[in-house]
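Following: one structure in structure tokens, then a few remarks.
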Amino acid sequence: MNKTLAIGTIAASVIAGSTLIGFLTTTIADRNTVQAKQIVMQEIQHQAKLPKPNLNVGIATNNDSFRNVAAYKQSLIFDLQGEARVFEGTYNYAIKQGRKIIASGFGTASMGGPEWGEVNQKIAVPVKKLSGHDPLTIELYEIDQESGKQVRKVNIPLTLGTSSAKSENESFRNMKIAPASLKYSIKGEARMFEGTYNYVVKQGEKEITTGFGTASIGAPDWGKVNQTITIPTAKLNGDQPLTLELFSLDQESGEAVDKLTFDLA
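Heads up: the sequence shown begins at 38 in the numbering used here, then just goes up one per residue.
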């Protein structure tokens, strides 16, 4: 199965509303890399065109069980993996779009220098901070203990999901980074039995992820909905848009009823 990091018209998403796809090469790894780059660029371009302040928001129509429901694209989660040889195992990172810092933080390898420790970290790219057409990169570095300066830097394109042989130095090696999941925040109101509702995210007819949530209060009152949904990019394929379906389960038949379906922007 071609694991395109597509968030395509989907959640097209590193960034706002179209995702990661396309290019013909001979290996799956190469296809994923180029597809991811295209998705990121589509997302950045789409983000630049979206009106503010309603970035990344999809409003659903109401029905008898749901009202004022909106889906907010929060972030794209990346997996950073490789090896680091740094003091006490601590390294720092900055995610940049051009010269703008989108996010920054630190991580800890499994072992400190002079040994090589394993790096396995999830890094979130906040969608609301993205704009323009510049590509995304992650900069890894150490902080010099005497001067406090950033040293031994290495830069990696955020769309790089294959071996990063060129992204190495004396402190980092075998580094690779690839999109892992997309996070949405669902807010609104639901009027459900005991407050419990169900959801399914689909790409075409394929179910990507399912789950349930609980409103702040059960029927007959309207309860608040505040749900985070994580969409694994490994399950996405092609450029079909994503849809979110909210529903309840009939207590007698077990069938899905009171459905509300809308696109994830």
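We put the CB at the ideal spot given by N, CA and C, even for glycine. On a predicted model such as this, the values are computed, not experimentally measured, just so you know.
| query | Does DSSP put glycine 225 in a helix, a strand or coil? | reply | Glycine 225 falls in the strand class under three-state DSSP.
| query | Per DSSP, which one or two residues make a beta bridge with aspartate 116? | reply | Beta-bridge pairing links aspartate 116 to Lys159 and Ala215.
| query | Which same chain residues, not among the five before or five after tryptophan 153, have their C-beta less than 6 Å away from its C-beta? | reply | Excluding positions up to five away in sequence, the list reads Glu120 and Arg122.
| query | Alpha carbon to alpha carbon, what distance is there between lysine 166 and alanine 49? | reply | At alanine 49, the pLDDT of 35 sits below 50, so the modelled position is not reliable and the matter cannot be decided from this model.
| query | Going by other Cβ atoms of all chains shown within 10 Å of its Cβ, with 16 needed for buried, is proline 216 buried or exposed? | reply | Buried, because 16 or more other Cβ atoms sit within 10 Å of the Cβ of proline 216.
| field | Reference threonine 247, options Leu279, Gly126 and Ala256, closest by Cα | value | Ranking Leu279, Gly126 and Ala256 by Cα distance to threonine 247 puts Leu279 first.
| What is the DSSP secondary structure of lysine 186, counted as helix, strand or coil? | Lysine 186 carries a coil assignment under DSSP once its states are collapsed to helix, strand and coil.
| said: Mapping the DSSP letters down to three states, classify glutamate 205 as helix, strand or coil. | reply: Of the three classes helix, strand and coil, the one that applies to glutamate 205 here is coil, per DSSP.
| request: Whole angstroms is fine: what's the gap from glutamate 207's alpha carbon to glutamine 134's? | output: Going by the C-alpha atoms only, they are around 25 Å apart.
| query | Can you list, in chain order, the residues of its chain whose CB lies under 8 Å from that of phenylalanine 143, leaving out five sequence neighbours each side? | reply | Correct list, in chain order: Thr127, Tyr128, Asn129 and Tyr130.
| task | Determine, using beta carbons only, whether phenylalanine 103 and aspartate 287 come nearer to each other than 9 Å. | result | Contact flag unset, no.
| said: Give me the residue from Asn105, Ser141, Arg136 and Phe209 with the minimum Cα distance to glycine 149. | reply: Closest in alpha carbon position to glycine 149, among Asn105, Ser141, Arg136 and Phe209, is Phe209.
| query | Relative to the C-alpha of isoleucine 132, which residue among Met229, Phe124, Leu117 and Thr145 is closest? | reply | Measuring from the Cα of isoleucine 132, the nearest candidate turns out to be Leu117.
| At what residues does the beta strand (DSSP E) containing glycine 144 begin and finish? | Annotation: the continuous beta strand (DSSP E) that includes glycine 144 extends over 137-145.
| query | According to DSSP, which residues form a beta bridge with glutamate 282? | reply | The partner list for glutamate 282 (beta bridge, DSSP) reads Val237 and Thr298.
| Nearest candidate by alpha-carbon position, reference alanine 227, set Trp259, Asn211 and Ser218 | For alanine 227, the nearest C-alpha among the options comes from Trp259.
| message | Taking the beta carbon of aspartate 276 as the centre, do at least 16 other beta carbons fall within 10 Å, making it buried, or is it exposed? | response | The residue is buried, with at least 16 neighbouring Cβ atoms inside 10 Å.
| query | Beta carbon of asparagine 235, beta carbon of leucine 297: below 9 Å? | reply | The Cβ atoms of asparagine 235 and leucine 297 lie no closer than 9 Å to each other.
| message | Can you give me the C-alpha to C-alpha distance between asparagine 100 and methionine 229, rounded to a whole angstrom? | response | Distance between the alpha carbons of asparagine 100 and methionine 229 is about 12 Å.
| query | Could you give the residue range of the beta strand (DSSP E) that holds glutamine 134? | reply | Taken as a continuous stretch (DSSP letters only), the beta strand (DSSP E) holding glutamine 134 covers 127-134.
| query | Which residues share a DSSP beta bridge with phenylalanine 249? | reply | According to DSSP, which records beta bridges pairwise, phenylalanine 249 is partnered with Asn235.
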